[in-house]
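K.L.:
What follows is a structure written as structure tokens; I'll ask about it next.
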Amino acid sequence: MEAKTQQLATLRVEINRLQERMHMLKAKLLMRFIEAGMQRSNILAAYWHLFRFGMAEPTGRHYSQQLEFVQTHMCADMYVNGIPGSEQLLDQWKLCQQLLPGLDAPNLKIQVFGAEQDCIVSSGIVYVHFSREAIAMIFPRLLAREDLVQLIIQRPAALPLRVSCHFDLKNQVQSMEVDINIFEGLRQSIASQVNVYEFYEALEDQFLPLHYEIFF
-2 MEAKTQQLAT LRVEINRLQE RMHMLKAKLL MRFIEAGMQR SNILAAYWHL FRFGMAEPTG
58 RHYSQQLEFV QTHMCADMYV NGIPGSEQLL DQWKLCQQLL PGLDAPNLKI QVFGAEQDCI
118 VSSGIVYVHF SREAIAMIFP RLLAREDLVQ LIIQRPAALP LRVSCHFDLK NQVQSMEVDI
178 NIFEGLRQSI ASQVNVYEFY EALEDQFLPL HYEIFF
């Protein structure tokens, strides 16, 4: 009887030791995920610091920093809104710079998601100054309404933006999904001066897909 009691006591001690070990391993794993999430958040924050005003001029030092950042922190075969290749990201930035040179993306909110802290989301407002040329490419029929065109080009429009980045185990961006709501941003920018229905009517059946091949 005493032997069995001793065995039970020893077993309890071993169980407690294993439980403590398990809790310690869980805490270490959780801390590793938290640290990974912080590192990934810092990567995305650095990305927006470099690209806040769009793509830099090819002759400048800032341009070289942007290229180096993409090569270092983006997988070569990453997907940008479903299109493979990190070069697509730079190509779309260049297109954006040509079409919307007055871009400014300040103070974006960064959040961490996923059990392994592998999804980092930045959201907020990007300010874009539309030119007549940009309107002609995105909203061609809108040119028939000069009053609306003048309202749009006279000041920057605040466009809602959400960018989701999924990271691999090496803390490189594996995929990026971008949602920039051009339509809603323009509607809000002129809502105080133009009837909303009138704005919708002017754009009916001619608005191109929301992303318009521009991926930030």
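So the sequence shown is residues -2 to 213, counted in the numbering used here. Even glycine gets a Cβ: it sits at the ideal position worked out from N, Cα and C. Predicted, not measured: the structure shown is a model, and the values here were computed from it.
Please name the residue or residues paired with residue 149 in a DSSP beta bridge.
P.N.:
Translated into the one-based positions of the sequence shown, residue 149 becomes position 152. In the DSSP output, where bridge partners are listed per residue, residue 149 has none listed.
K.L.:
Going straight from the alpha carbon of residue 105 to that of residue 95, what length do you get?
P.N.:
In the sequence shown, residue 105 corresponds to position 108, counting from 1. In the sequence shown, residue 95 corresponds to position 98, counting from 1. If you take the alpha carbons of residue 105 and residue 95, they lie about 23 Å apart.
K.L.:
Assign residue 190 to buried or exposed, taking buried as 16 or more other Cβ atoms, counted over all protein chains shown, within 10 Å of its Cβ.
P.N.:
Locating residue 190 in the sequence shown gives position 193, counting from the first residue. By the 10 Å Cβ count, residue 190 comes out exposed.
K.L.:
Let me know the secondary structure DSSP gives residue 52 once reduced to three states.
P.N.:
Numbered from 1 along the sequence shown, position 55 holds the residue referred to as residue 52. Looking at residue 52 - three-state DSSP - the assignment turns out to be coil, as it is neither helix nor strand.
K.L.:
Is residue 126 helix, strand or coil by DSSP?
P.N.:
Counting from one through the sequence shown, the residue named residue 126 turns up at place 129. Residue 126: coil per DSSP, three-state reduction.
K.L.:
Give the DSSP-derived three-state secondary structure of residue 176 in the structure shown.
P.N.:
Looking up residue 176 in the sequence shown gives position 179. Residue state, collapsed to three classes: strand.
K.L.:
Given this structure, state the Cα-to-Cα distance separating residue 171 from residue 122, to the nearest angstrom.
P.N.:
Counting from 1 along the sequence shown, the entry for residue 171 is found at position 174. Counting from 1 along the sequence shown, the entry for residue 122 is found at position 125. Cα to Cα, residue 171 sits roughly 24 Å from residue 122.
K.L.:
Specify, as a first and last residue, the run of the beta strand (DSSP E) that residue 243 falls within.
P.N.:
Since the first residue of the chain shown is -2 and the last is 213, residue 243 is not available in this structure.
K.L.:
Nearest to residue 155 by alpha carbon, out of 187, 165, 143?
P.N.:
What you label residue 155 is simply residue 158 of the sequence shown in a count that begins at 1. Closest option to residue 155, Cα to Cα, is 187.
K.L.:
For residue 47, tell me which candidate among 143, 183, 103 has the shortest Cα-Cα distance.
P.N.:
Locating residue 47 in the sequence shown gives position 50, counting from the first residue. Answer by Cα proximity: 103.
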